[in-house]
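Numbering (mature numbering (1 follows the signal peptide of the UniProt record, and there is no 0)), first residue to last: -24 to -1, 1 to 229. The structure under discussion appears below in the form of structure tokens.
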């Protein structure tokens, strides 16, 4: 009887142990499943956060491109407006070249005035205001002559060159031609109205007096051109200032 009871006790204990083991395994399994589910949920949350971040970044980039694309026309419009304003400003600074104008000059020890007509060169790309009593004609390629009707030995040779001309070389040639037969050409820049004319830059005037008369050379830059003038005058005629004053009105056609 005791053996049966002992055997029954042992069987019951074994059953209890097995049940406990099964419960522990179930709990362990449940805990493992829970941990796996938590890890999967965390991974999903992380992927979702990454996706949202990428979308935000993409949206930000897209917005920047849209803003840049939207700003480009405005920038171009602003540049166009600035260019137009600059052209208007330059146009406003250019001298008005009507069909005629009054010129003043020194001759015979006093100031003279006369109406000058706008005249275009036949061979070169310039125009000049010519006083009554003078005539503009072509002498040879790239050279015009403006002469005095009362004495054709009193005249001014006109040469024009592009903006890329060698200014230094032209100036040296002008001085060299004056001094070719000897003598030293004097600086007379302050003695003629040409020095005070508007729109003229880098002016050089030299003069040589000989037994035949006065020879005066001038080089300057104006209206995108380099201009060289050579005046042949006589003391009794005294037309140098009149000729140089007309020369100061040279401009593009």
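Ideal Cβ positions, reconstructed from N, Cα and C, are used throughout, including at glycine. These numbers come from a predicted model, not from an experiment.
Who are the Cβ neighbours of residue i in its own chain at under 8 Å, not counting the five residues just before and after it?
i	result
residue 111	122, 123 and 125
residue 147	180 and 195
residue 178	143, 195, 196 and 197
residue 169	80, 81, 82, 217, 220, 221 and 224
Starting from residue i and walking both ways along the beta strand (DSSP E), at which residues does that stretch end?
i	result
residue 194	190 to 198
residue 79	76 to 83
residue 204	201 to 209
residue 73	Residue 73 -> no beta strand (DSSP E), and no H or E assigned at all.
residue 183	177 to 185
To the nearest whole angstrom, what separates the beta carbons of residue i and residue j, a pair I think is in contact under 8 Å?
i	j	result
residue 106	residue 201	In fact, because the Cβ distance is near 18 Å, the residues do not count as touching under 8 Å.
residue 92	residue 76	6 Å
residue 103	residue 133	Not a contact, Cβ separation roughly 17 Å.
residue 217	residue 83	6 Å
residue 199	residue 166	No, residue 199 and residue 166 are not in contact; Cβ-Cβ is about 23 Å, not under 8 Å.
Taking residue i as part of the alpha helix (DSSP H), name the residues at either end of that continuous run.
i	result
residue 220	216 to 223
In chain order, what residues of the same chain have a beta carbon less than 7 Å from the beta carbon of residue i, not counting five sequence neighbours either side?
i	result
residue 98	114
residue 262	The shown model of the chain, from -24 to 229, leaves out residue 262, and the question about it has no answer.
Sorted by chain position, which residues of the same chain lie with C-beta nearer than 6 Å to residue i's C-beta, five sequence neighbours on each side aside?
i	result
residue 219	132 and 207
residue -6	Note that residue -6 has pLDDT 41, beneath the 50 cutoff, so the model's placement of it is unreliable and no number is given.
residue 136	100, 102, 201 and 203
residue 229	96, 101 and 103
residue 164	181 and 183
residue 189	209 and 210
Query raised in the report: Curious, which full-length beta strand (DSSP E) runs of at least 3 residues does the region 96 to 153 contain?
Result: 103 to 107, 110 to 116, 119 to 124 and 127 to 137
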